[in-house]
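Numbering (my numbering), first residue to last: 4 to 183.
Ideal placement from N, C-alpha and C gives every residue a C-beta, glycine not left out.
All remarks here apply to the structure that follows.
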């Protein structure tokens, strides 16, 4: 129990230092401390605390992936949120599950937008719709508004990509039919 407090406490100290100073190494150190805690507080022995660690790792890795523009780190964040959802199921705690879905959607959106990758954007939409369903059932108007904004933003990005894919083909076709 004491070990749990030390590692998660250190992680939170590093995270708070990063928030104040924007020192990316502090964010990396926060992730490291949570990874150390994860080795001790395993899914098999401490599922609830393990799920908390996974959610915090998802948050920190998502930030780190965004700051470093690393798709690999962002995918690690998604895996952590998915791990959290092994314990925090839609049935057990729908709001926390939906928040994880929203976070996964945000990560997929960033990856899809940065790489102009339709599958990631489509995955983002799926996550957003899953979260929206839960928030609508809970009557959480603020979250509904946020999710609807995320869905609109993702659809706009998808439409831009679709337009870029179809316009060059149409231009090439038109170019070929012009008289020489």
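Look at the region 108 to 148 and you find these whole runs of alpha helix (DSSP H), each 4 residues long or longer: 121 to 141. Our two residues, residue 88 and residue 129, have alpha carbons roughly 16 Å apart in a direct line. Residue burial is scored here from C-beta neighbours: residue 63 has at least 16 other C-beta atoms within 10 angstroms and is therefore classed as buried. Straight across, the Cα-Cα distance linking residue 45 with residue 120 is about 34 Å. Taking the C-beta atoms as reference points, residue 37 is found nearer than 7 Å to residue 60.
The shortest C-alpha to C-alpha distance from residue 161 to any of 123, 93 and 95 is the one to 123. In the three-state scheme derived from DSSP, where H, G and I count as helix and E and B as strand, residue 24 is classed as helix. Here DSSP, grouped into helix, strand and coil, assigns residue 72 to coil.
Taking residue 157 as the centre and dropping the five residues before and after it, the same chain places the C-beta of 112, 124, 127 and 128 closer than 6 Å to its C-beta, in chain order. Between the alpha carbons of residue 40 and residue 168 lies a distance of about 46 Å.
Apart from sequence neighbours up to five positions away, the residues of its chain that approach residue 18 with a beta-carbon distance below 6 Å are 33, ordered along the chain. In the structure shown, residue 49 falls within a coil segment according to DSSP collapsed to helix, strand and coil.
Within 10 angstroms of the beta-carbon of residue 109 lie 16 or more other beta-carbons, which makes it buried.
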